[in-house]
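Chains G and A are the protein sequences, given in the same order.
Position 112, counted from 1, in the first sequence is what full-length UniProt numbering calls 112; the numbers after and before it change by one each time, with no gaps.
Position 207, counted from 1, in the second sequence is what full-length UniProt numbering calls 207; the numbers after and before it change by one each time, with no gaps.
By construction, the Cβ of each residue, glycine as well, lies at the ideal position given by its N, Cα and C atoms.
In this text the structure is predicted, and so the values were computed from the model without any measurement.
First comes the structure, then the notes that go with it.
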Amino acid sequence: MSGALAAPLPGAAAAPSSRSTSKKVLPGFNITLGYTLLYLGLIVLIPLSALVFKTFTLSWEQFWAAISSPRVLASYRLTFGASFVAALVNVAFGLLVAWVLVRYSFPGKRIVDALVDLPFALPTAVAGISLTALLAGNGWIGQYLEPLGIQLAFNPNGVVIALIFIGLPFVVRTVQPVLEDTERELEEAAMSLGATRWQTFARVIFPSIAPALLTGFAMAFARAIGEYGSVIFIAGNMPMVSEITPLIIIGKLEQYDYAGATAVAVVMLVASFFLLLVINALQGWQRKRSGAS
Amino acid sequence: MNLKLRSLVGGVLLAASTLASAQQTLLNVSYDVAREFYKDINAAFVPYYKKQTGKDVKIDQAHGGSSAQARAVADGLDADVVTMNTTTDVEFLAERGVVAKDWAKRFAHNAAPTTSTMLFLVRNGNPKNIKDWQDLTRPDVKVVVVNPKTGGNGRYAYLAAWGYVKKNGGSDAQAQEFLSKLYKNVPVLARGGRDATTAFLQRNTGDVLITFESEVESVNREFGANRVDVVYPSISIVAENPVAVVERTVAKKGTADLAKAYLDFLYTPEGQEIAAKHSIRPRDAAVLKKYAETFKPVKLFTVQELFGSLSEAQKVHFNDGGQFDKIYTVK
């Protein structure tokens, strides 16, 4: 149970995924487990339960009204939809980036490798402002796209772009170590048995990296759902069109509606938790399948 | 969140500096765009207070979104005084018992030593020939304005437009229709005042920016004069900048007299003049007259006149399901 939940957390991603751990791998297992639970409780569970308790000040009708007004519903659609699309894009291009970084050497590779982590390090508001500066109607890139009728800033497109930006490192950094571990001999064997490049990828490489890709997807997706700073500058924030759910929450806080804000937050929390569970189940299924074959 | 963090850091620094010296310190928790104004106020107040009482004081300031700051104070940030740009933020603190219930009566003019009003910034030369609120509903005009859900600036802009219709004899229904038309022309709802200014000036979005008169000064300073023209609509709203002593903190720190002296200073001719230099409307008639060039006469109405109070306007217009939401959700 705890293993299944821990997998999408960033810290767990670095751990080798397929090793079966025996109980005695850590000395003083009971103490370490106790410490782990205490730490998780202090850092994660207490704040989250405070969030849930705050919503108890609302009656059921008030809670329902807070989480189901048309503006809020529109914002769920945008937040979850844009996060999903952005995570998908990141899976495709993150795999490409990871592949290039693992399999090829070229001048400046280390710099490229370091660049991947920039979205981790950058304050997201900076990212949002720079992306807006690039893509707005008078920006470096935007000025050429706007005449073609392509508007990337101040609408849902901008939201997706900002979320792609902040999500990229999650996919690259989860897939990279797995790719490094896959043995080239396997590919060579496949080829010597007459497999085409595509067959090799689909039958040999892909199954071994699929769980990592799913993990990367889950993390990029989860990160995108909560993202505020980078999106807020590029979204345009029009109600029903380009308002993300975190903005709704901030809006409620500005009205001193703490309970309403936490109600919406709880909805997001439950939804993302559920999605992460689904992705985890998928991942487990994948791993079992690829491990069995 | 960041703003709150900044306030917290301010609080920690304050605590550290109190330990370091016996010198009295005062923390003024204020809204975002008042940073430069209070910097000048503090520079003038310290020698003034020294002359009056012989005591050295140190003034710290923390700035952020007005209601984010109010929340930080309510949650325990040890501000001695709060200086906000919307009365609702101070009322919120009064409800929590952090400032006195009758805070508005503790100082003259509703405890608002200064005011501002909403006006238009248009691009140099006013190419779209925008003169009044009516022009903002023209189909060829794009308006940049702050989201009233997230900024006091946006609430005043909305109420000013509403007041324009009402003061010209319109009904509530007509005002509602006017505002729907106006907000249909809004391509970007900025999160706060600074956001709106950036969208308008740096991203070149829209033809007109509705903002505080006091923002004109910072626009000219940051983006250079002559980038924008100021348009005074025929009528606009009085936006009071309320101040209050945070009773909870001054009781604990023993800074009640200092806090009162600090806020009183804002009412002195010297304090009023500093406000005027920052394009914040002084209450002092003489100072206002002296700066007539900055503060062109506009017919002004107060929130109380048309909406009862800002909190009532909040309930009717800006809370979830209110009039503002209907603009976007009712087709």
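The beta carbon of residue 253(G) lies closer than 7 Å to those of 261 in the same chain, with the five residues before and after it left out. Interface annotation for the stretch 247-272 of chain G against chain A: 247, 250, 251, 252, 253, 254, 255, 256, 257, 260, criterion Cβ-Cβ distance under 8 Å. Taken atom to atom, the span from the alpha-carbon of residue 90(G) to that of residue 167(G) is near 7 Å. Among the residues of chain A, those whose CB is under 7 Å from the CB of residue 232(G) are 191, following chain order. Distance from the CA of residue 50(G) to the CA of residue 249(G), rounded to the nearest whole angstrom, comes to 16 Å. By the criterion of at least three beta-carbon pairs nearer than 8 Å, the stretch 211-225 of chain A is in contact with the stretch 109-119 of chain A. Using beta-carbon distances, residue 238(G) counts as an interface residue toward chain A, with a partner under 8 Å. No residue range can be given for residue 139(G), since it is assigned to no alpha helix (DSSP H) and is classified by DSSP as neither H nor E.
Counting only the Cα atoms, residue 60(A) lies some 55 Å from residue 210(G). By the 16-neighbour rule on beta-carbons within 10 angstroms, residue 60(G) is exposed.
Assigned with DSSP and collapsed to three states, residue 118(A) falls in strand. Between the beta-carbon of residue 126(A) and that of residue 229(A) there is about 5 Å, and that keeps the pair under the 8 Å contact cut. Nearest to residue 123(G) by C-alpha distance, out of 40(G), 246(G), 230(G), is 230(G).
DSSP, reduced to helix, strand and coil, places residue 281(A) within a strand of the structure shown. Listed in chain order, the alpha helix (DSSP H) elements of length 4 or more contained wholly in the stretch 136-201 of chain A are 152-167, 172-184, 193-201. Per DSSP, the continuous alpha helix (DSSP H) segment holding residue 109(A) begins and ends at 108-111. Taking C-beta atoms as the reference points, residue 300(A) and residue 234(A) fail to come closer than 8 Å. For the pair residue 193(A) and residue 246(G), the Cα-to-Cα distance works out to about 19 Å. Around residue 224(A), no beta-carbon contact reaches into chain G at under 9 Å, the shortest distance being about 17 Å. Taking C-beta atoms under 8 Å as the contact rule, residue 190(A) and residue 144(A) qualify, at a distance of about 7 Å. Under the three-state reduction of DSSP output, residue 71(A) falls in the helix class.
Across the stretch 205-234 of chain A, CB contacts with chain G closer than 9 Å involve 205, in sequence order along the chain. In the pairwise beta carbon analysis, the stretch 52-68 of chain A is classified as touching the stretch 32-42 of chain A: at least three pairs are separated by under 8 Å. Taking residue 88(G) as reference, the option from 169(G), 221(G), 157(G) with the minimal CA-CA separation is 221(G).
By the Cβ-count criterion, residue 31(G) is exposed, with fewer than 16 other Cβ atoms from all chains shown falling within 10 Å of its own Cβ. Within the stretch 139-172 of chain G, those residues whose Cβ lies closer than 8 Å to any Cβ of chain A are, in chain order, 139, 153, 154. Runs of the alpha helix (DSSP H) lying entirely within the stretch 178-249 of chain G and spanning at least 4 residues, in chain order: 184-192, 206-226, 229-234.
Within the same chain, Cβ atoms closer than 7 Å to the Cβ of residue 227(A) are found at 124, 201, the five residues on either side in sequence being excluded. Burial check for residue 282(A): the Cβ neighbour count within 10 Å reaches 16 or more, so the residue is buried.
Neighbours of residue 77(G) across chain A, judged by C-beta separation under 7 Å, do not exist; the nearest C-beta is about 14 Å away. DSSP links residue 240(A) through a beta bridge to 115(A).
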